[in-house]
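Q: Take a look at the following structure, please.
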Amino acid sequence: MSLKEYEKLKELLAQNKKWPLLYMFKFIVPNADGKVQRVVDLLPKHGKVSYKHTKNLKYVSVTCTASMKSPEAIIEVTNNISSINGVMSL
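Numbering (this note's numbering), first residue to last: 545 to 634.
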């Protein structure tokens, strides 16, 4: 994600006046080099994680639903995971 996209996400999240917020993180992750586990390790520990593989097993969709305390907390998780090469944030 670009800085502009992060700012837009932060702005949208800040419009919500009620925190904590149940938030769904979703990433498409290459199923290689331990990247799926790296993504899971960076997700909130208290979140519920689910997986869905593509038919050819080349990619894994990783979804995590977790209660988040602030827009900054969501941005931090998203930013950390998006820095992994090949990971797409949805």
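Heads up, the beta-carbon is just placed ideally off N, CA and C, and yes, glycines get one too.
Applying the 10 Å Cβ sphere with the 16-neighbour rule, what's the burial state of Y595?
A: Position 51 of the sequence shown holds residue 595. With fewer than 16 Cβ atoms within 10 Å of its Cβ, Y595 is classed as exposed.
Q: List the DSSP bridge partners of L566.
A: The sequence position of residue 566 within the sequence shown is 22, counting from 1. Answer is S611.
Q: Beta-carbon within less than 7 Å of K561's beta-carbon, same chain only, minus the 5 sequence neighbours each way: which residues are those?
A: Translated into positions along the sequence shown, residue 561 becomes position 17. So the list is empty, once near-sequence residues are dropped.
Q: Tell me whether the beta-carbon of Y567 lies closer than 8 Å to the beta-carbon of I618.
A: Counted from its first residue, the sequence shown places residue 567 at position 23. Counted from its first residue, the sequence shown places residue 618 at position 74. It is a contact, given that the beta carbons lie within the stated cut-off.
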